[in-house]
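**Q** Have a look at this one before I ask anything.
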Amino acid sequence: MDILILILITMVKIVGFTFVLTLPIIAYSVYAERRFSAILQDRVGPNRTGIPLTLFGFKKDIPLQGLLQPLADGLKFILKEDFTPSHVNKFFFWLAPALTMVPALLTLAVIPFGSELFGEKLVIADVSVGPLFIFAIASLSVYGITFAGWASNNKYSFFGGVRSCAQMISYEIALGLSVIPVLMIFGQLNLTNIVEWQAQHGWLLCPITFGGENGFDFGFYEFGGPLGILLLLPIFLSFFIFTVSIFAETNRMPFDLPECETELVGGYHTEYSSMKFALFFLGEYAAMIVGSALIVTLFFGGWSLGFGLDALLKDDTDNWVAYAGLIHLGAFLTKVIAFILFFILVRWTVPRFRYDQLMKLGWVVFFELALINILVAAVIMAAPNMVERGEIGALIVLIIGVIAFSIAMFVIAKSLDKKKAPQSL
Amino acid sequence: MAEVKKLKRPELNTGEKLYLIALAKGAMVTLKHAVKSVTGKSRGATGLNSSGLGITMQFPEQRWDDFLPEYYRGAPALVTDEQDRERCVSCQLCEFICPPKAIKIIPAEIPADDEWAKVEKRPKEFDIDMTRCIYCGMCEEVCPEQAIYLRKEYLITGTSREDMVHNKAKLYEIGGKRVGLVNKWNELK
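Encoded structure:
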């Protein structure tokens, strides 16, 4: 009987978080993208689509500021002809859209949406491999894009597929390495516990909690007292590399080479129409939402309110009060939406990278930077204990080692960065 | 000989090479523009009588009629003079010059008991097919009677091909009365 209830609860969570919460957010982030970019470009954007009362014989429509535009878009995608060109490889052509949409939605399983509601944790699967699961599943979506480009049997689509393949694989390394210092601080991979750590100690990028004896507490105090503040440097670097890599992973604007309209017609989805195209489109936005959710969870405290405010939501027995889950859910969604708006702002700020610049940024800059970052964070975290035990000599050797490693990396990066001498004919 | 001056290409300093400061600056520029746009202070928002969101005009509610220049070439239309006489004498010059053959005129005689019998001819039917018209203004240029003008009418819509043919009544409705032209047939000066 217990297992049935467990399955039922899980089903409710899956339907709730995926279909009730995330899919509307995807639809409305498309609307937000169109309205926000319109504002940045002195346009108005979709502001007419509302309730079409004139269809039912009334005098006027209700425009609602175009808020029903996503519904109209969805309806259009469903009603359009689903055309499969004769020159494509049908099996992979049909498989590819699903392979981009499904991994993006699968990764939602481990994202903690809130603390607890009715005694249930607001996360579909509370597994202890959170970020690893997300990296593993999210990297599957490259198959969708590559299959689409190859199966389309079209040279532009193929270029798009190949580009995305190379790009996503290169940035996955930076993505994985950049998050290691963060995980060293948390000491675990369970995303729910990571957020709870941040609820207690303050957000990772702003580890301050107010209240307590001194007025405010510093979250990194366990890592060498006041010197723990040095940890903010590697964390900020991690945050930067991680964010940029997420941009590259989700094919967002400065790195949207797989579908760059100016070079590749439509990129990998040139030959797609109707709902198959919609799956690519929605998959991209779903990946963006999961990316934002992951950044928020790791660096901005996930569902926690931060600054020690979460302590106010606990009762005497140190449990969450009944409505805490809803407040946390709201806080989480607010942060994610703020990040989506940031994604859109960046899209209209930074021009597209050239392909060699993109690869160089990934392999020569971020890869090395992330490696050095791990060592620096490790030394800062190890230093207090080593001093306590009187192992000053070993510490100095370690620091020298890190510096030597950094210099070696810099030299390697420089040598790769060198321009080739022009060949004489 | 002019002195040849060699200019050195400016080098990027370290801050500029880092690219980060430029990114932040760019984001600030875009954000500032967004704020301006939302508060209705973007360039041309007031001058162009736009919707306030950027410089875009919300068409059916906001029209650009006030901003049309004098020389605007909209739909061709027939005009009447001060005494409400139709100026067209159906010489059919416009019909013959019309490059896309949009104009069709059936002339008719003015009966002898009419006030303007001396003009002798007027159009019985005057159709302009607006699906063919290219707004070139040749009809206006060729008309010896100053009877046809391209007016500021630009909202020409219809749900069928027949709707898009302007007949005589419609043409006079668009054209209206036009004063201050040369008078051939009356004693007005």
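First to last, the sequence lines map onto chains A and B.
Per the numbering used here, residue 152 is the first one in the first sequence, and the count goes up by one each step.
Per the numbering used here, residue 1005 is the first one in the second sequence, and the count goes up by one each step.
Even glycine gets a Cβ: it sits at the ideal position worked out from N, Cα and C.
Given 8 Å as the limit, is there contact between the segment 557 to 564 of chain A and the segment 418 to 434 of chain A, that is, 3 or more CB pairs closer than that?
**A** no
**Q** Just checking: is the beta-carbon of V195 (chain A) within a distance shorter than 8 Å of some beta-carbon in chain B?
**A** yes
**Q** Could you tell me the alpha carbon to alpha carbon distance between I320 (chain A) and S290 (chain A), rounded to whole angstroms?
**A** 8 Å
**Q** By DSSP, does H1170 (chain B) sit in helix, in strand, or in coil?
**A** strand
**Q** Taking Cβ positions only, does T1161 (chain B) come closer than 8 Å to chain A?
**A** Answer no: the Cβ-Cβ gap between T1161 (chain B) and chain A never drops below 8 Å.
**Q** Which one or two residues does DSSP pair with L1082 (chain B) in a beta bridge?
**A** Under the DSSP definition of a beta bridge, L1082 (chain B) partners with B:I1152.
**Q** In chain A, which residues lie less than 8 Å from A1031 (chain B) when you measure between Cβ atoms?
**A** L496, V497 and T500
**Q** Once DSSP output is grouped into helix, strand and coil, what is the label at G338 (chain A)?
**A** In the structure shown, G338 (chain A) sits in coil (DSSP, three-state: anything other than H, G, I, E or B).
**Q** I need the straight-line Cα distance from A521 (chain A) to L382 (chain A), nearest angstrom please.
**A** 14 Å
**Q** List, in order along the chain, the chain A residues whose C-beta lies closer than 8 Å to that of T1043 (chain B)?
**A** The premise fails here: T1043 (chain B) is roughly 11 Å from chain A at the closest Cβ pair, so nothing lies under 8 Å.
**Q** Given that a residue counts as buried once 16 or more other Cβ atoms are within 10 Å of its Cβ, and exposed if not, what is R185 (chain A)?
**A** buried
**Q** Applying a beta-carbon distance threshold of less than 7 Å, which residues of chain A neighbour T1018 (chain B)?
**A** Chain A residues near T1018 (chain B): none, gap ~14 Å exceeds 7 Å.
**Q** Evaluate the contact criterion for the segment 347 to 357 of chain A versus the segment 451 to 465 of chain A: three or more CB pairs, one atom per stretch, below 8 Å.
**A** yes
**Q** Could you tell me which chain A residues have their CB closer than 9 Å to the CB of S1062 (chain B), listed as they occur along the chain?
**A** The sequence shown places Gln at residue 1062 (chain B), rather than the Ser named in the question. Here the neighbours are V195 and N198.
**Q** Please state whether the Cβ-Cβ distance between F504 (chain A) and F406 (chain A) is less than 8 Å.
**A** yes
**Q** Would you give the residue range spanned by the alpha helix (DSSP H) that R185 (chain A) belongs to?
**A** It spans L174 to L191 - the alpha helix (DSSP H) in which R185 (chain A) sits, taken as one unbroken run.
**Q** May I ask which residues mark the beginning and end of the alpha helix (DSSP H) holding K1029 (chain B)?
**A** L1024 to V1042
**Q** Taking 7 Å as the limit between beta carbons, can you name the residues of its chain near V1123 (chain B), skipping five residues before and five after?
**A** Cβ within range, chain order: V1093, I1114 and W1189.
**Q** I want to verify the contact list: residues of chain A whose CB lies under 8 Å from the CB of T947 (chain B), in sequence order.
**A** Limits of chain B in this structure are 1005 at one end and 1193 at the other, which puts residue 947 (chain B) out of reach.
**Q** Among A:G453, A:F458, A:A564 and A:E267, which one has its Cα closest to the Cα of G476 (chain A)?
**A** A:E267
**Q** Taking 6 Å as the limit between beta carbons, can you name the residues of its chain near L1097 (chain B), skipping five residues before and five after?
**A** Around L1097 (chain B): V1146.
**Q** Could you name the residues that DSSP lists as bridge partners for G265 (chain A)?
**A** A:L273
**Q** What residues from chain A crowd round L1027 (chain B), counting only those whose CB sits closer than 8 Å?
**A** Chain A residues near L1027 (chain B): T500 and V501.
**Q** Return the chain-ordered list of same chain residues with a C-beta closer than 8 Å to the C-beta of V578 (chain A), the five sequence neighbours on each side being excluded.
**A** Residue 578 (chain A) lies beyond the range of chain A shown here (152 to 576); nothing can be said about it.
**Q** Which residues bound the alpha helix (DSSP H) around R1047 (chain B)?
**A** Element bounds for R1047 (chain B): n/a, residue is neither H nor E.
**Q** Going by CA-CA distance only, name the one from A:P203, A:L222 and A:V447 that's closest to I213 (chain A).
**A** A:P203
**Q** Based on the DSSP secondary-structure assignment, which residues constitute the bridge partners of D368 (chain A)?
**A** For D368 (chain A), DSSP records a beta bridge to A:T360.
**Q** Excluding the five sequence neighbours on either side, which residues of its own chain have a C-beta within less than 7 Å of the C-beta of M1032 (chain B), listed in chain order?
**A** none
**Q** Got a sec, what are the start and stop residues for the beta strand (DSSP E) I995 (chain B) sits in?
**A** What the structure shows of chain B is the stretch from 1005 to 1193, and residue 995 (chain B) is not part of that stretch, so it cannot be assessed.
**Q** If you draw a straight line from the alpha carbon of G1019 (chain B) to that of S396 (chain A), how long is it in whole angstroms?
**A** 22 Å
**Q** What residue does the beta strand (DSSP E) around D1133 (chain B) start on, and which one ends it?
**A** K1125 to D1133
**Q** Would you mind telling me which residues of chain A sit closer than 8 Å to S1164 (chain B), beta carbon to beta carbon, in chain order?
**A** Those within 8 Å of S1164 (chain B) in chain A number zero; the least Cβ separation is about 21 Å.
**Q** Hey, A489 (chain A) and L456 (chain A): beta-carbon distance below 8 Å or not?
**A** no
**Q** Just tell me which of B:D1069, B:P1073 and B:E1086 has its CA closest to the CA of V1186 (chain B).
**A** B:E1086
**Q** Compare the Cα-Cα distances from E422 (chain A) to each of A:M537, A:S443 and A:F309 and report the closest residue.
**A** A:F309
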